[in-house]
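Number of protein chains: 2
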Amino acid sequence: MFPGFFMLSKNRISYIRSLKMKKYRERHRQFVAEGSKLVIDLLQSRYIINWIYAIDEWLEKYGTLLEMKHIPFSPVTETIMERITALSTHGLVLAVVDIPDISLDIAIVENELILALDDIRDPGNLGTIVRLADWFGIGTILCSGTTVDIYNPKAIQATMGSVARVDVIYGNLAAFLVNASSLSTIYGTFLEGESIYSADLESHGILVIGNESNGISEHVQKLIQRKLFIPSFQKEQGQGGHPESLNVSVAAAIACSEFRRRKI
Amino acid sequence: MFPGFFMLSKNRISYIRSLKMKKYRERHRQFVAEGSKLVIDLLQSRYIINWIYAIDEWLEKYGTLLEMKHIPFSPVTETIMERITALSTHGLVLAVVDIPDISLDIAIVENELILALDDIRDPGNLGTIVRLADWFGIGTILCSGTTVDIYNPKAIQATMGSVARVDVIYGNLAAFLVNASSLSTIYGTFLEGESIYSADLESHGILVIGNESNGISEHVQKLIQRKLFIPSFQKEQGQGGHPESLNVSVAAAIACSEFRRRKI
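Chains as they are written, first to last, in the numbering used here: chain A, 4 to 267; chain B, 4 to 267.
Right under this line is the structure:
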């Protein structure tokens with residue numbers, strides 16, 4: 004908090020811009036959220052919003068909501084918005100938000116479907132996975148320390164607001180899986196194993212998704228209890244090679260869809 | 004073709020660079036493909052490769068294949084590669100390839116599952132959809148004229164070589180659907196309709212996928228015979244809003260998976 008801070012000083016502008024970088028997000032435990040849907044979703048969540056910067060047009064619509072919730076805000080011009088945005092096209096609103104400390108409840112491990120991401124590198128993929136988890140009612144995603152930061156501007160944008168509803172927790176994935184293995188079944192997506200279409204899938208479990216190029220890392224593979232694969236229907240081997248894999252968020256989507264379909 | 008052309012002149016470099024832009028791809032009916040997997044897949048397909056530029060390391064491995072197939076090539080330095088690449092990190096090989104004239108066989112409309120894309124704007128989404136179509140053995144994708152060009156560098160990269168095996172055809176989608184409606188069932192993905200999990204899906208048909216923000220356009224909607232939706236399993240309405248939709252390539256993936264699962 005910057006008490007009495009209502010105008011955007013040079014220092015404040017460079018502070019906001021610095022939060023594009025993980026180093027500064029970690030140091031200050033804050034991140035930037037942009038765009039109306041995302042900011043409104045965060046406002047209605049347990050996230051603590053430190054400050055909102057918005058174009059007048061947006062404040063006319065949502066100013067009362069901010070006052071009701073005691074969120075400090077400053078009107079800014081388009082020119083300032085262009086300077087502070089981390090996106091190629093700025094939105095009507097930008098929020099500086101505290102990074103929450105999230106811990107994992109053991110009851111969630113025992114009773115819910117959880118995703119575990121082993122070294123997802125692309126922010127767009129991570130954001131898309133958070134978004135689809137939300138759609139499928141998955142409230143917890145565990146990430147290896149090598150997985151891209153969810154508060155990366157591109158990742159958070161790709162969640163389309165779902166980051167407000169899905170807990171993304173970073174840590175030592177292998178250590179977690181060792182501890183979790185007696186509490187829940189550990190599934191993983193591979194290019195071989197049981198066909199996901201006919202596999203008997205429980206309504207709770209831990210589903211491990213691997214890296215874009217290399218899949219699930221060797222030391223995590225050893226902890227997988229059930230290997231699942233998505234069958235390919237590719238045409239007979241003929242012209243022009245063959246597809247080697249699916250995009251990681253696409254594979255995650257199909258796997259989540261299969262888990263959920265069985266609940267109906 | 005540039006007979007006798009073996010060195011990279013300034014003109015040739017700017018020609019290759021110009022192919023990043025749709026205007027020049029359309030004018031010259033050529034595009035650029037980068038990276039070993041994509042180029043090898045194209046080499047084995049019906050695409051006609053005009054010229055290959057590669058780092059020595061790549062030519063040592065594949066030079067004989069190029070000679071066998073009578074493909075002209077030039078060794079280039081890393082510096083030149085950096086100048087001609089359309090990507091943020093260049094690969095070992097770059098090919099200039101002719102854009103093929105692809106027409107649609109009526110037997111395909113009658114007997115196969117086809118995707119129809121109505122105004123997909125993001126090149127990454129388009130490439131990802133081509134890649135997953137390939138995985139699910141879908142050989143034809145029809146695109147509205149407003150859909151992003153598949154030969155856009157980002158789109159082609161996201162196909163991971165699948166562009167060599169999937170025909171992507173642009174045209175007037177509504178006019179096509181009017182003609183096709185007596186030959187095949189026209190399905191579309193919506194946020195309402197029949198649940199895709201329990202719907203009776205044929206092994207052939209036309210599946211329409213809409214724009215990232217606006218879904219299927221009004222005039223195309225009127226031509227859809229069966230509306231499908233992917234059920235959401237979101238938690239009870241509580242904190243932090245709710246997810247409005249799935250990413251378009253994720254929705255396409257789940258829909259294709261559902262069509263193919265029924266074939267097993």
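In this text, a Cβ means the ideal position worked out from N, Cα and C, and glycines have one as well.
Because the structure is a prediction, the values reported are computed rather than measured.
Going along chain B, which residues have a C-beta under 7 Å from residue i?
i	result
residue 94/A	None at all; the shortest Cβ gap to chain B is about 14 Å.
residue 61/A	None at all; the shortest Cβ gap to chain B is about 16 Å.
residue 137/A	237 and 246
Whose CA, out of the options, lies closest to the CA of residue i?
i	options	result
residue 123/A	11/A, 101/A and 132/A	132/A
residue 31/A	114/A, 103/A and 49/A	103/A
residue 252/B	69/B, 147/B and 162/B	162/B
residue 216/A	105/A, 248/A and 120/A	248/A
residue 149/B	136/B, 227/B, 172/B and 255/B	172/B
residue 202/A	111/A, 46/A and 261/A	261/A
residue 266/B	83/B, 14/B and 116/B	116/B
residue 69/B	229/B, 198/B, 51/B and 92/B	51/B
residue 22/B	33/B, 13/B and 14/B	33/B
residue 147/A	159/A, 174/A and 236/A	174/A
residue 223/A	14/A, 121/A and 110/A	121/A
residue 47/A	71/A, 35/A and 62/A	71/A
residue 110/B	238/B, 208/B, 236/B and 221/B	208/B
residue 159/A	256/A, 44/A, 79/A and 11/A	44/A
For residue i, which residues in chain A fall below 7 Å Cβ to Cβ?
i	result
residue 44/B	243 and 244
residue 131/B	250 and 253
residue 257/B	256, 257 and 260
Return helix, strand or coil for residue i, following the three-state DSSP convention.
i	result
residue 90/A	coil
residue 125/A	coil
residue 228/B	coil
residue 156/A	helix
residue 261/A	helix
residue 48/A	coil
residue 200/A	coil
residue 256/B	helix
residue 214/B	strand
residue 55/A	strand
residue 35/A	strand
residue 172/B	strand
residue 191/A	strand
residue 77/A	strand
residue 43/A	helix
residue 4/B	Annotation note: pLDDT 38 at residue 4/B (below 50); position unreliable, no value reported.
residue 145/B	strand
residue 66/A	helix
residue 130/A	helix
residue 267/B	coil
Using a C-beta to C-beta distance shorter than 9 Å, which residues of chain A count as neighbours of residue i?
i	result
residue 154/B	Chain A residues near residue 154/B: none, gap ~16 Å exceeds 9 Å.
residue 134/B	246, 248, 249, 250 and 253
residue 36/B	Ordered by position in chain A, no residue passes the 9 Å Cβ test against residue 36/B, which lies about 12 Å from the chain.
residue 140/B	235, 236, 237 and 238
Measuring CB to CB, does residue i end up less than 8 Å from residue j?
i	j	result
residue 250/B	residue 134/A	yes
residue 88/B	residue 29/B	no
residue 39/A	residue 94/A	yes
residue 165/A	residue 246/B	yes
residue 259/B	residue 179/B	no
residue 119/A	residue 145/A	yes
residue 3/B	residue 155/B	This structure cannot speak to residue 3/B, because chain B is shown only from 4 to 267.
residue 254/B	residue 233/B	yes
residue 243/A	residue 177/B	no
residue 169/A	residue 137/A	yes
residue 219/B	residue 211/B	yes
residue 230/B	residue 197/B	yes
residue 141/A	residue 256/B	no
residue 19/A	residue 35/A	yes
Can you name the residues of chain B whose CB is closer than 9 Å to the CB of residue i?
i	result
residue 164/A	243, 244, 245, 246 and 247
residue 200/A	260, 263, 264 and 267
residue 168/A	237, 238, 241, 242, 243, 244, 245 and 246
Can residue i be considered in contact with the ligand MN, in the sense that its beta carbon sits closer than 7 Å to one or more heavy atoms?
i	result
residue 80/B	Because no ligand of any kind appears in the structure shown, any question about the ligand MN cannot be addressed here.
Strictly below 8 Å CB to CB, what residues from chain A border residue i?
i	result
residue 148/B	In chain order: nothing, as chain A lies at least about 24 Å away.
residue 127/B	127
Item to check | Residues in the segment 208-238 of chain B having any Cβ partner in chain D nearer than 9 Å | outcome: The structure shown has no chain D; the protein chains it does contain are A and B.
Checklist entry - Is the segment 67-80 of chain A touching the segment 185-201 of chain A, taking contact as three or more C-beta pairs under 8 Å? => result Between the segment 67-80 of chain A and the segment 185-201 of chain A there are fewer than three inter-stretch CB-CB distances shorter than 8 Å, so the stretches are not counted as touching.
Next on the checklist: Pairs of beta-carbons, one from the segment 128-136 of chain B and one from the segment 178-186 of chain B, closer than 8 Å: are there three or more?
Outcome noted: Taking a cut-off of 8 Å for Cβ pairs, the segment 128-136 of chain B and the segment 178-186 of chain B do not touch, as fewer than three such pairs fall below it.
Next on the checklist: Count Cβ pairs between the segment 83-101 of chain B and the segment 47-61 of chain B that sit closer than 8 Å; are there 3 or more?
Outcome noted: Here the segment 83-101 of chain B makes contact with the segment 47-61 of chain B; the two share three or more CB pairs at distances below 8 Å.
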